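Asker: Line order of the protein sequences matches chains A and B. Numbers 1 to 341, taken from UniProt numbering, label the letters of the first sequence in order. Numbers 1 to 341, taken from UniProt numbering, label the letters of the second sequence in order. There's a structure below that I have some questions on.
2 protein chains.
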Amino acid sequence: MSHAFDNKPEKAVQLSHGGGGKEMNKLIKEIFFKAFNNPILASEEDAAVLHLEGTTAFTTDSFTVAPLFFAGGNIGKLAVAGTVNDLAMMGAEPQYLSCSFIIEEGFPMTQLKQIVETMADELHKSSTRVVCGDTKVVPKGCADGLFINTSGVGRILCPNISVKNLQVGDAILVSGDIGRHGAAILMAREGLNLESELVSDCANLWPVVEQLIACNIDIHAMRDATRGGLAAVLNEWASASNIGITVEESKIPVSDEVKGLCELYGFEPHDLANEGTFIMALPLDVAQGALEIIKRYGNCEQAAIIGQVDDTHTGKVVLKTPWGSSRYLDLPHGELLPRIC
Amino acid sequence: MSHAFDNKPEKAVQLSHGGGGKEMNKLIKEIFFKAFNNPILASEEDAAVLHLEGTTAFTTDSFTVAPLFFAGGNIGKLAVAGTVNDLAMMGAEPQYLSCSFIIEEGFPMTQLKQIVETMADELHKSSTRVVCGDTKVVPKGCADGLFINTSGVGRILCPNISVKNLQVGDAILVSGDIGRHGAAILMAREGLNLESELVSDCANLWPVVEQLIACNIDIHAMRDATRGGLAAVLNEWASASNIGITVEESKIPVSDEVKGLCELYGFEPHDLANEGTFIMALPLDVAQGALEIIKRYGNCEQAAIIGQVDDTHTGKVVLKTPWGSSRYLDLPHGELLPRIC
Numbered sequence: 001m002s003h004a005f006d007n008k009p010e011k012a013v014q015l016s017h018g019g020g021g022k023e024m025n026k027l028i029k030e031i032f033f034k035a036f037n038n039p040i041l042a043s044e045e046d047a048a049v050l051h052l053e054g055t056t057a058f059t060t061d062s063f064t065v066a067p068l069f070f071a072g073g074n075i076g077k078l079a080v081a082g083t084v085n086d087l088a089m090m091g092a093e094p095q096y097l098s099c100s101f102i103i104e105e106g107f108p109m110t111q112l113k114q115i116v117e118t119m120a121d122e123l124h125k126s127s128t129r130v131v132c133g134d135t136k137v138v139p140k141g142c143a144d145g146l147f148i149n150t151s152g153v154g155r156i157l158c159p160n161i162s163v164k165n166l167q168v169g170d171a172i173l174v175s176g177d178i179g180r181h182g183a184a185i186l187m188a189r190e191g192l193n194l195e196s197e198l199v200s201d202c203a204n205l206w207p208v209v210e211q212l213i214a215c216n217i218d219i220h221a222m223r224d225a226t227r228g229g230l231a232a233v234l235n236e237w238a239s240a241s242n243i244g245i246t247v248e249e250s251k252i253p254v255s256d257e258v259k260g261l262c263e264l265y266g267f268e269p270h271d272l273a274n275e276g277t278f279i280m281a282l283p284l285d286v287a288q289g290a291l292e293i294i295k296r297y298g299n300c301e302q303a304a305i306i307g308q309v310d311d312t313h314t315g316k317v318v319l320k321t322p323w324g325s326s327r328y329l330d331l332p333h334g335e336l337l338p339r340i341c
Numbered sequence: 001m002s003h004a005f006d007n008k009p010e011k012a013v014q015l016s017h018g019g020g021g022k023e024m025n026k027l028i029k030e031i032f033f034k035a036f037n038n039p040i041l042a043s044e045e046d047a048a049v050l051h052l053e054g055t056t057a058f059t060t061d062s063f064t065v066a067p068l069f070f071a072g073g074n075i076g077k078l079a080v081a082g083t084v085n086d087l088a089m090m091g092a093e094p095q096y097l098s099c100s101f102i103i104e105e106g107f108p109m110t111q112l113k114q115i116v117e118t119m120a121d122e123l124h125k126s127s128t129r130v131v132c133g134d135t136k137v138v139p140k141g142c143a144d145g146l147f148i149n150t151s152g153v154g155r156i157l158c159p160n161i162s163v164k165n166l167q168v169g170d171a172i173l174v175s176g177d178i179g180r181h182g183a184a185i186l187m188a189r190e191g192l193n194l195e196s197e198l199v200s201d202c203a204n205l206w207p208v209v210e211q212l213i214a215c216n217i218d219i220h221a222m223r224d225a226t227r228g229g230l231a232a233v234l235n236e237w238a239s240a241s242n243i244g245i246t247v248e249e250s251k252i253p254v255s256d257e258v259k260g261l262c263e264l265y266g267f268e269p270h271d272l273a274n275e276g277t278f279i280m281a282l283p284l285d286v287a288q289g290a291l292e293i294i295k296r297y298g299n300c301e302q303a304a305i306i307g308q309v310d311d312t313h314t315g316k317v318v319l320k321t322p323w324g325s326s327r328y329l330d331l332p333h334g335e336l337l338p339r340i341c
């Protein structure tokens, strides 16, 4: 709502760019086809024609993050990484994405181009292609700048990964320090000009997951800790697998910047969103090997084993504090940070 | 922007319904899972696991129609029919949809339920299932009520249907009278209280396409005439297949209500959007048979052969008027009707 819009032709998106006629064709060809260039997209049929083999994972996400640009990324990077990661977390190779834009009339064409180019860069990290798309333009005031939906399909290489597959004795591993995406959005939104190193963890997780699969790591469950953070993932797992999970607070990696912002705003790091950090449950005896792979291929020096699966408090997550006490780590509730992704 | 919002708890969507925690889980289970009930969706993994066979069509569409409710449907019916139809137009059986909601804070829960139930009804018409989804809530003023994205996959039964496959001598057939969706939205938006029979043509086209395929009709090209209407489809075909198309204005079916609204507002029926009417190109000798199938299974008494493919004006569409003159039918341009779908 606060964009400095320039309505000169060619400089801003107009309603006619969503009309299904000449102007829309021009926008699609000059911006989207140019960035996402591939023969399936260029065929311009009503739907992309794909030759999929084996079992396929299918997922969707709409992105409404505010602001559109933040330390470590923008809505485009998020829209690609988010859907690619949902596929990767199922042990699926991210193959094809759809991409649908809802654009507010007057949105600057330069920003649209920049966002789309970021998407193309992020796609290359996992050889994923945008093969179909859609463009809608709504009148000024009917949307806040830009929303992006991406849906994705990919071939499942590891069929047993499941929210229902945690087993008593499994180690719980986190791939990096938590809460950075949530904290980066909070910082951008509040206009904080800290001399801060804090950037969102937003990243494409397929390269590191591909290595874990190639090394035959026996992954029981895997999930990126997005909205609701670490707390939401662990609670969903405990409930879906009907087991208990105990994690040690002192072992959960959190950067000083995220700790500081949490203290300032009254958040808990384990409730904050991540966009390139995942949680994994796997047999204890292979956890150390997995940790080494993650550190090596994921640029995640902070990766750590933070707890284990047990059968003493079924459906619940217990957090052991550094002072020896324990408490339940609940599913987050209330507003937290709206429009985090 | 003009909804009468009631912010009492349970009666309106709150920001916390998009937060990834307890409230979101409740909304998803009580509204979406209940309406779209199926085991793949209920598995609650990061992505749906599908067993697809053969060649797959993949498509996406975001729906931003205003108003959300109109004569003949609502945004939910449109979101299902639109994506199902994109698959059907490729000769693909619509199998699985994703469904992603962007909801404005304060949106009435009763309207959300009504829209989702309409979606479920429309899905049953083609045995299509919603297998994955996403819910985002944005603060009041950051979206206009509700936007829905649906993406879809389906098995291609007719592999040769293509925008590039029109051949000289082909007949051009339209499945019903044109322009009704555009006209119905215009009527709803202008608050016209005509004693009118006019309703949107919004409909799931798979049942009739399934019959055409079952009867081995040799379909060369097929497309639903959505944004940009008949004029956009014919121009895209002429350009992509490098042929000419000639249509006779007197043979194009248009209802009296649509004609009247077009005269009043200065539109052309062939530029107006349809959401359940398609254009087909096929060999002249099977066109009459196809017409009979469409009339029988599509409830489309108005279906008609309106023209043919030729090689005299490559890349162009010629409209023959009832007075014997001819003119080029161009791709629509300018604003037409924003937020038609």
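Glycine included, every Cβ here is placed at the ideal spot set by N, Cα and C. Keep in mind it's a predicted model, so treat the numbers as computed, not measured.
What three-state label does DSSP hand residue 285 of chain B in the structure shown?
Answerer: Here residue 285 of chain B sits in helix by DSSP.
Asker: Any beta carbon from chain B within less than 8 Å of residue 109 of chain A's own beta carbon?
Answerer: Output row for residue 109 of chain A: interface = no.
Asker: Does the beta carbon of residue 333 of chain B come closer than 8 Å to any beta carbon on chain A?
Answerer: Residue 333 of chain B counts as touching chain A.
Asker: Going by Cα to Cα distance, which pick from A:261, A:143 and A:299 is closest to residue 15 of chain A?
Answerer: Nearest of A:261, A:143 and A:299 to residue 15 of chain A, Cα basis: A:143.
Asker: Check whether chain B comes within 8 Å of residue 232 of chain A, counting only Cβ atoms and requiring the distance to be less than that.
Answerer: It does; some Cβ of chain B falls within 8 Å.
Asker: So for residue 36 of chain B, helix, strand or coil by DSSP?
Answerer: In this structure, residue 36 of chain B counts as coil in the three-state DSSP scheme.
Asker: Starting from residue 25 of chain B, follow the alpha helix (DSSP H) in both directions and report where the run begins and ends.
Answerer: Residue 25 of chain B -> alpha helix (DSSP H) spans 22-27.
Asker: What is the residue span of the alpha helix (DSSP H) that residue 235 of chain B lies within?
Answerer: 229-241 is the span of the alpha helix (DSSP H), which, as asked, contains residue 235 of chain B.
Asker: Residue 138 of chain A versus chain C: which residues are under 9 Å apart at the beta carbon?
Answerer: Checking the listed chains, one finds no chain C in this structure; the protein chains it contains are A and B.
Asker: Tell me, which residues are paired with residue 297 of chain A by DSSP?
Answerer: Its beta-bridge partners do not exist; DSSP assigns none.
Asker: If contacts are defined as beta-carbon pairs under 8 Å, then residue 175 of chain B and residue 340 of chain B qualify, I think. What distance do you get, rounded to the angstrom?
Answerer: With a Cβ gap of about 19 Å, residue 175 of chain B and residue 340 of chain B do not count as contacting.
Asker: Can you give, in chain order, each stretch of the beta strand (DSSP E) that sits fully within the UniProt domain "PurM-like N-terminal" (45-156) of chain B and has at least 3 residues?
Answerer: Whole beta strand (DSSP E) segments, 3+ residues: 48-51, 55-63, 92-104, 129-138 and 146-156.
Asker: Relative to chain A, which residues along the region 24-37 of chain B have a C-beta separation below 9 Å, given in chain order?
Answerer: Listed by position along the chain: 24 and 25.
Asker: Taking residue 70 of chain A as the query, report the chain B residues whose CB atoms sit under 7 Å from its CB, ordered along the chain.
Answerer: Going along chain B, no residue has its Cβ under 7 Å from residue 70 of chain A, so there is no contact; the nearest lies around 16 Å.
Asker: Count the other CB atoms, across all protein chains shown, that sit within 10 Å of the CB of residue 168 of chain A; report buried if there are 16 or more and exposed otherwise.
Answerer: Under this definition residue 168 of chain A is an exposed residue.
Asker: For the alpha helix (DSSP H) holding residue 263 of chain B, just list the boundary residues, first then last.
Answerer: Where residue 263 of chain B is concerned, the enclosing alpha helix (DSSP H) stretches over 256-265.
Asker: Under 8 Å, Cβ to Cβ, is there at least one residue of chain B near residue 156 of chain A?
Answerer: Residue 156 of chain A counts as touching chain B.
Asker: If you count every other CB in all the chains shown that lies within 10 Å of the CB of residue 314 of chain A, and 16 or more means buried, which is it?
Answerer: Residue 314 of chain A should be labelled exposed.
Asker: Take residue 28 of chain B and list the residues in its own chain whose beta-carbon comes closer than 7 Å to its own, dropping the five residues that flank it on each side.
Answerer: Excluding residues within five positions, the ones whose Cβ falls inside 7 Å are 135.
Asker: If we ignore side chains and look at the alpha-carbon of each, how far apart do residue 44 of chain B and residue 321 of chain B end up?
Answerer: Using only the alpha carbons, I get a separation of about 57 Å.
Asker: State the beta-bridge partners of residue 245 of chain A as determined by DSSP.
Answerer: For residue 245 of chain A, which the question treats as bridged, DSSP gives the partners A:309 and A:317.
Asker: Comparing the C-beta of residue 124 of chain B with each C-beta of chain A, is any distance below 8 Å?
Answerer: For residue 124 of chain B, the answer is no, since every Cβ of chain A falls outside 8 Å of its Cβ.
Asker: For residue 155 of chain A, which residues from the same chain have a beta carbon less than 7 Å from its beta carbon, with the 5 sequence-adjacent residues on both sides left out?
Answerer: 52, 53, 54, 56, 92, 93 and 95.
Asker: Would you mind sorting residue 206 of chain A into buried or exposed? The rule is 16 or more other CB atoms within 10 Å of its CB.
Answerer: Result: buried.
Asker: Any idea what DSSP makes of residue 173 of chain A, helix, strand or coil?
Answerer: The answer is strand: DSSP assigns residue 173 of chain A an E or B state.
Asker: Residue 200 of chain B and residue 390 of chain B - do their beta-carbons sit closer together than 8 Å?
Answerer: A query on residue 390 of chain B cannot be resolved here, the shown segment of chain B reaching from 1 to 341 and no further.
Asker: What does the alpha-carbon distance come out to for the pair residue 333 of chain A and residue 38 of chain B?
Answerer: Distance between the alpha carbons of residue 333 of chain A and residue 38 of chain B is about 27 Å.
Asker: Within this structure, are the beta carbons of residue 336 of chain A and residue 285 of chain A separated by less than 8 Å?
Answerer: For residue 336 of chain A and residue 285 of chain A, no; Cβs fall outside 8 Å.
Asker: For chain B, check one thing: does any of its Cβ atoms lie closer than 8 Å to the Cβ of residue 132 of chain A?
Answerer: So, interface residue.
Asker: At which residues does the beta strand (DSSP E) containing residue 221 of chain A begin and terminate?
Answerer: From DSSP, the beta strand (DSSP E) with residue 221 of chain A extends over 221-224.
Asker: Can you pull the DSSP bridge partners for residue 187 of chain B?
Answerer: None; residue 187 of chain B has no bridge partner.
Asker: Residues of chain B with a CB under 8 Å from the CB of residue 89 of chain A: which are they?
Answerer: Residues of chain B passing the Cβ test: 46 and 47.
Asker: Under 8 Å Cβ to Cβ from residue 173 of chain B, same chain only, skipping five residues before and after it: list those, please.
Answerer: So the qualifying residues of the chain are 279, 280, 281, 282, 287, 290, 291, 294, 303, 304, 305 and 306.
Asker: Against chain A, does residue 267 of chain B count as a neighbour if the rule is that its beta carbon must be under 8 Å from one of theirs?
Answerer: No - not a single Cβ of chain A is within 8 Å of the one on residue 267 of chain B.
Asker: I need the DSSP call for residue 326 of chain B, collapsed to helix, strand or coil.
Answerer: DSSP places residue 326 of chain B in strand when its eight states are reduced to three.
Asker: Run down chain B in chain order and give the residues with a C-beta less than 7 Å from the C-beta of residue 185 of chain A.
Answerer: Neighbours of residue 185 of chain A on chain B: none; closest Cβ ~13 Å, over 7 Å.
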